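Residue numbers for the sequence shown follow UniProt numbering, beginning at 1 and rising by one.
Ideal Cβ placement from N, Cα and C applies to all residues, glycine included.
Source: prediction; values computed, not measured.
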Amino acid sequence: MAKDRPTWDRRDSQRIDEDRRGNGMSSNGSSFSRRKNRHERNAEKLAARSEQTEFNLERSPHTQPQISITAPSTIPYTTAASEFIYGTSAVLAALRCGRRKLYKLYIHDAPDKVSLRLGRKQPRDPMLDTIIKFGLAAGAHVKQVAGNWPKLLDKMSGGRPHNGCILEASQLPKLPVDSLLPVASLTDTHFNASVCQQSAEEAEVNGTSGRIPRWAYKDEDSSSTENDVKPSRYPFALLLDGIRDEGNVGAIIRSAYYFGVDAIIVSTRSSAPISAVAIKASAGAAENIPILTTTNPTLFLKNTRMNGWKIFAAEAPAAASASQQTFGTSTEQVLSRRDVSAKLSEAPCILMLGSEDQGLQRSVRQQADGAVVIPGALTLSSEEDRAGVDSLNVSVASALLCEAFLGDPSSTGPGSSQAEGMMSTVDMIREEAKEDPNKMF
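Structure below.
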């Protein structure tokens, strides 16, 4: 007698079919569906990789950006006027200072070659985590990238070191001016400029207000309490004329910011632009110091001088002597570093810096009230000096002269800096000589 078979109902049959479908099999046990589903899943994975995964700031700020593997074939500009800032110091400064519109922040955390060769897991650079945090807080669209992105990142940075960090943002504000206006008091926490006419697009980036805050001091119209120290000197600005090397421009801005210069004025027709190269060389200082531009430095200086500003030209000793003979200005002051420390207690001043090979343009040089020189240790004539070195690099000279005008932070005499805990120029140059890819150009 046959054994009783278990009874089946429709629900049992449905359950088995569901289990088979879940394993990629048809109801008759075929593996065709399983192979098909596997191919579909692989195709979906490839499609997901080709789509650059975007991170939306409207999601939880604690959510980490997802990784994009496949880079686009061309540089992904958000707007025609945007630029790429690169290097951790420059990018972090742009995020913290908030003077730009921010679009996308690209982060590539690559292990070094030694770690790859030894198969060691390298911890993430904590600076990148800090940058991601500030990027999210500032509203940037954060993208962590891998795969074939490094080649595109190198292209975005023009082949220069970017430390795995590139920010797409609007242009840095550079206010066009035709003169600086009179300054009422040396304790004023701002000064004013006459602003040139701009297009609507330019005004959106640069602004239209001629009120220039002295960034190192608390503005009397601001509720900020970060720095309550009042100025004890008149404003001091640098004018760059004919400096074509972007690295030098950035290094000058860095030194100027360090010593508390109130503004940088750039002659746009003869000097290098404030580009991403200059911004990286400035270690981010360009993001927080007012930058003004002029297309006619001679007229700008004439108008500004009429408004009570004193104009000085930075020159090598031999060039200063030649200028007196050329311009017939035997009564013109030729000052050394020690002679200028009290000038900012008398009037607002501009120091002009020219190109290393040709110096200042003749028409610009003629606007100077005096020349400032940095004597060297050698007293050799040009025939005796076989190396032919009669001057300093313009960025080094600017650092020494900024310290001379604004005061040695370690001194207590006239013109001494209000900032405490600052390094001397010698210490600063030593610090810059260290191998630091995040800060040095």
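Out of the options, point me to the one whose CA is closest to residue i's CA.
| i | options | result |
| --- | --- | --- |
| Ser216 | Phe236, Ala347, Asn206 and Pro273 | Looking at the sequence shown, residue 216 is not Ser but Ala. Out of Phe236, Ala347, Asn206 and Pro273, Phe236 has the C-alpha closest to the C-alpha of Ala216. |
| Gln358 | Ala281, Ala342, Ser271 and Gly242 | Gly242 |
| Ala193 | Leu292, Thr74 and Met352 | Leu292 |
| Val396 | Leu299, Thr208, Ser255 and Lys151 | Ser255 |
| Glu356 | Lys310, Asp245 and Ala93 | Asp245 |
| Ile311 | Leu392, Val334 and Ala93 | Val334 |
| Ala281 | Thr79, Tyr86, Ile107 and Ser82 | Tyr86 |
| Ala404 | Pro126, Lys104, Ser336 and Leu360 | Ser336 |
| Phe191 | Pro290, Asn248, Ala387 and Ala140 | Pro290 |
| Ala272 | Asp262, Asn288 and Ile252 | Ile252 |
| Arg100 | Ser82, Thr304, Met156 and Gly260 | Ser82 |
| Gly376 | Leu400, Ala368 and Val364 | Leu400 |
| Tyr77 | Leu167, Asp125 and Thr88 | Leu167 |
| Ala283 | Lys133, Val91 and Leu186 | Val91 |
| Asn303 | Pro126, Val364 and Ile212 | Val364 |
| Ile274 | Ala71, Phe84 and Thr70 | Phe84 |
| Phe259 | His141, Ala276 and Arg214 | Arg214 |
| Ile265 | Pro126, Thr189 and Ile212 | Ile212 |
Looking only at its own chain, which residues have a Cβ that is under 7 Å from the Cβ of residue i, when we skip the five neighbours before and after it?
| i | result |
| --- | --- |
| Cys196 | Pro176, Val177 and Asp178 |
| Pro317 | Val373 and Pro375 |
Is residue i buried or exposed, if buried means 16 or more other CB atoms sit within 10 Å of its CB?
| i | result |
| --- | --- |
| residue 460 | Coverage of the chain is limited to positions 1 through 441, which leaves residue 460 absent and any answer about it impossible. |
| Asp129 | exposed |
| Asn163 | buried |
| Ile75 | exposed |
| Arg269 | exposed |
| Gly158 | exposed |
| Lys174 | buried |
| Val389 | exposed |
| Met306 | exposed |
| Pro297 | buried |
| Lys343 | buried |
| Thr294 | buried |
| residue 445 | Any answer about residue 445 is impossible in this case: the structure gives the chain only from 1 up to 441. |
| Ser73 | exposed |
| Ile184 | The sequence given here places Ala at residue 184; Ile does not occur at that position. Exposed, by the Cβ-count rule. |
| Ala314 | buried |
| Thr187 | exposed |
| Ala387 | exposed |
In whole angstroms, what separates the C-alpha of residue i from that of residue j?
| i | j | result |
| --- | --- | --- |
| Tyr234 | Glu346 | 7 Å |
| Lys230 | Ala371 | 29 Å |
| Gln366 | Cys165 | 45 Å |
| Asp267 | Met352 | The identity of residue 267 in the sequence shown is Ser, whereas the question assumes Asp. Between Ser267 and Met352, the C-alpha separation is close to 11 Å. |
| Leu299 | Ala278 | 26 Å |
| Ala93 | Arg362 | 37 Å |
| Ser68 | Val205 | 30 Å |
| Gly210 | Asn148 | 46 Å |
| Glu201 | Leu406 | 36 Å |
| Asp339 | Leu392 | 19 Å |
| Ala80 | Ala285 | 25 Å |
| Ile132 | Ser89 | 13 Å |
| Ala368 | Leu301 | 9 Å |
| Met156 | Ala263 | 29 Å |
| Ser232 | His141 | 42 Å |
| Ala276 | Asn288 | 15 Å |
| Tyr257 | Thr189 | 16 Å |
| Gly250 | Asp125 | 25 Å |
I'd like the list of long-range same chain contacts for residue i, defined as Cβ closer than 8 Å, with 5 residues on each side in sequence excluded.
| i | result |
| --- | --- |
| Thr208 | Val195 and Gln198 |
| His108 | Gln144, Val145, Ala146, Trp149, Pro150, Leu153, Gly164 and Cys165 |
Please report the Cβ distance between residue i and residue j, rounded to the nearest whole angstrom; I am assuming they are in contact, meaning their Cβ atoms lie under 8 Å.
| i | j | result |
| --- | --- | --- |
| Tyr103 | Ala203 | Not confirmed; about 20 Å, so no contact. |
| Ala138 | Leu172 | Going by Cβ atoms, the distance from Ala138 to Leu172 rounds to 15 Å, so no, they are not a contact pair. |
| Pro182 | Gly308 | 5 Å |
| Gly135 | Leu180 | Rounded, the Cβ-Cβ distance is 35 Å, inconsistent with contact. |
| Val261 | Cys349 | Not quite, the Cβ-Cβ distance comes to about 10 Å (not below 8 Å), so this is no contact. |
| Leu238 | Ser341 | Contact flag wrong, Cβ pair sits at about 17 Å. |
| Val373 | Asn248 | Actually they do not touch by this definition, with Cβ atoms about 19 Å apart. |
Take residue i and list the residues in its own chain whose beta-carbon comes closer than 6 Å to its own, dropping the five residues that flank it on each side.
| i | result |
| --- | --- |
| Gly354 | Asp241, Gly242 and Leu360 |
| Met127 | Thr88 |
| Ala71 | Asn148, Trp149 and Leu152 |
Got a sec: does the ligand HEM put a non-hydrogen atom nearer than 8 Å to the Cβ of residue i?
| i | result |
| --- | --- |
| Cys349 | Of ligands this structure carries none, so the ligand HEM is not represented either. |
So with Cβ pairs under 9 Å, would you call residue i a contact of chain C?
| i | result |
| --- | --- |
| Gly242 | The chain inventory of the structure shown lacks chain C, comprising one protein chain alone. |
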